[in-house]
Amino acid sequence: MVEMLQRDALRDNLGLEFRRGALVLAVLSQLRGEQYGYSLKKALAEQGLEIDEGTLYPLLRRLEAQGLLRSRWRVEEGRPRRYYRISPLGEQIQRELAADWRALARALDRLLA
Amino acid sequence: MELIDRYVHEVGQHLPRRIRADVQAELRSLLLDTLEERARAAGRPADSELVKKVLREFGTPEDVAERYAPQPRYLIGPRLFPAYKMTIGIMALVVAALFLAFFVVGVLRIIHRPADAVNLRAALDVVGKILFTAFFNFGLVTLVFAIVERVQQQREVRGESWDPASLPPVDDPDRITPASHVFSLYAILALAILFNFYPDWVAIVGFGQLLGRWRLPLLRPEFSMHLPLLNVWWGLAFALNLLVLRHGRWRRETRWAEFGLGLFSAVVLLLIITGPPVFRYNRHVKGILLGLLAIVVIEAGERLYHLLTRKPCEPWRAAEAGASGEPAD
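These protein sequence lines are chains A and B, in that order. 252 is the number that the working numbering gives to position 78 of the first sequence; each next residue is one higher, with no gaps. 281 is the number that the working numbering gives to position 239 of the second sequence; each next residue is one higher, with no gaps.
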């Protein structure tokens, strides 16, 4: 039982490790139009990528601090929300990361075949 | 909704002040969005059960704050903690040894002089003093480590573009032992506090059969005339130790500063020795200070000799040259 739990924890950790980098690319890809935190989470989930709140929202702030995103507060339906959008630098980096991603996926496909 | 207010407030308590209000506003908006969506999906109003469920999913306030905080902030970080733990351990041993010595002396007195042995007030007084000294030093050591942690953090932030050319040679005369500098910082602070605020404690203490525990204070009130210069000396020595720790090694300029500080301390000692009597056992204490002066002068001479004869070993210059675009060989 303990061994089983350890195996699951190890597997989860390894999975999280390669998801972590991919999340940045996923988030950047969905911010060509303005989105607030929850709408972005839903948009990603609809495409099959579930991200928990604790990861997504701090990630948005970090990407903004790095200059890849821009944000502004807007009041809609009587509630203030922070809307994020990709910056010109973010767009540039997203294109490069997407190319890297495709090259990596092709290489891994060949390796795993 | 009161629970959300409490949650957001609690998260804010664990965040740095400069990002607190912003993160709190965003977190509140995110929580309300999530709650609204969950209520819609469940087909019922957002009651306290649903609020609790959403908050549990977001995580404990400490966890949420940690994810938002720009970088972990430590009073004493994981790199320094083992050294800190060891220092505190040594101090605990010293305190334990003092208690043991006190206990042994007490028992011996009870055996030899049972008539006046049980003086509870005096015993409590000594225990109190030992405890006070222990806590005082514990605080001082913690303060010094916290300062060193801060200095090290600044060094790491600056040192992002590491250049292998900045690696020191294997046989490096300028390598430092951080522990010795940490100890120097502690000793300087302890000396400064002792001489400035507790001059009566600068004393010879002992145990005798006739007198019991005795204490001979060494400083006369006139000693305070030397305090301004001594404080300048300690302040400069403290700053120099911090600078060396920040560089991570001795540099030529800090070596010169060390030499200058040696000369300065020699002048201070000379002024005390040749000045008016400021000690209770003036001749004896001044004799000791004269010996100390000789050591300081010899050390300064040795440092000057090394400064003039040794080729400077400055590996970090290569890294700086590399960072500024100059070719580094």
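We put the CB at the ideal spot given by N, CA and C, even for glycine. Treat the numbers as computed from the prediction; the structure is a model and nothing was measured.
- The CB of G228 of chain A comes closer than 9 Å to the CB of E99, F100, G101, D105, V106 and R109 in chain B, given here in chain order.
- The closest CA to that of A107 of chain B, considering only B:G54, B:S307 and B:G290, is found on B:G54.
- Straight across, the Cα-Cα distance linking V310 of chain B with L269 of chain B is about 10 Å.
- With the rule of 3 Cβ pairs closer than 8 Å, the segment 212 to 224 of chain A does not count as touching the segment 268 to 285 of chain A.
- In the structure shown, E224 of chain A falls within a coil segment according to DSSP collapsed to helix, strand and coil.
- Exclusion of the five residues before and after I118 of chain B leaves Y126, F187, A188 and E191 as the residues of its chain whose Cβ lies within less than 7 Å of its Cβ.
- Rounded to whole angstroms, the Cβ separation of F100 of chain B and G228 of chain A is 6 Å, and the two are in contact under 8 Å.
- Under the three-state reduction of DSSP output, I246 of chain B falls in the strand class.
- A183 of chain A is classed as exposed because its beta carbon has fewer than 16 other beta carbons within 10 Å across all chains shown.
- If the five residues before and after A84 of chain B are omitted, its C-beta is found closer than 8 Å to the C-beta atoms of L92, all from its own chain and listed in chain order.
- According to the DSSP assignment, L92 of chain B belongs to the alpha helix (DSSP H) that extends over S90 to F100.
- Segment contact: the segment 293 to 309 of chain B against the segment 322 to 330 of chain B, fewer than three CB-CB distances shorter than 8 Å; contact not assigned.
- If you check the CB distance, F237 of chain B and L272 of chain B come in under 9 Å.
- With a threshold of 16 other beta carbon atoms within 10 Å, I230 of chain B meets it and is buried.
- Interface flag for D47 of chain B against chain A is unset, since no Cβ pair is found closer than 9 Å.
- In this structure F301 of chain B touches R345 of chain B by the C-beta definition: roughly 5 Å separates them, less than 8 Å.
- Proximity of the segment 56 to 64 of chain B to the segment 272 to 281 of chain A falls short of the contact definition, fewer than three beta-carbon pairs being nearer than 8 Å.
- With contacts defined as CB atoms closer than 9 Å, Y231 of chain A and E79 of chain B fail to qualify as a contacting pair.
- DSSP places R352 of chain B in no beta strand (DSSP E); its state is neither H nor E.
- Taking a C-beta cut-off of 7 Å against chain B, the contacting residues of the segment 244 to 255 of chain A are R253, P254 and R255, listed in chain order.
- With 16 or more other Cβ atoms inside 10 Å of its own Cβ, L72 of chain B counts as buried.
- A straight line joining the alpha-carbon of I225 of chain A with that of L278 of chain B spans about 53 Å.
- Distance check between A138 of chain B and each of B:T184, B:A176 and B:T129 places B:A176 closest, using alpha-carbon atoms only.
- Of the residues assessed, R297 of chain B falls on the buried side of the cut-off, its CB having 16 or more other CB atoms within 10 angstroms.
- Collapsing the DSSP output to three states places V183 of chain B in a helix.
- Y110 of chain B counts as buried, since at least 16 other C-beta atoms from the protein chains shown sit within 10 angstroms of its C-beta.
- If you compare the alpha carbons of A:E251, A:L243, A:P254 and A:Y257 with that of L263 of chain A, the shortest gap goes to A:L243.
- Under a criterion of Cβ atoms nearer than 8 Å, no residue of chain B is adjacent to G207 of chain A; the nearest Cβ is some 17 Å distant.
- In this structure, P87 of chain B sits away from Y49 of chain B, with a CB-CB distance that is not shorter than 9 Å.
- Across the segment 66 to 77 of chain B, CB contacts with chain A closer than 8 Å involve A67, E68, L69, S71, L72, L74, D75 and T76, in sequence order along the chain.
- E191 of chain A has its alpha-carbon roughly 27 Å from the corresponding atom of K95 of chain B.
- The Cβ atoms of H223 of chain B and V286 of chain B lie closer than 9 Å to each other.
- The alpha-carbon of Q204 of chain A is positioned some 51 Å away from that of R217 of chain B.
- Scanning its chain for C-beta atoms nearer than 6 Å, with the 5 sequence neighbours on each side dropped, one finds no residue around L286 of chain A.
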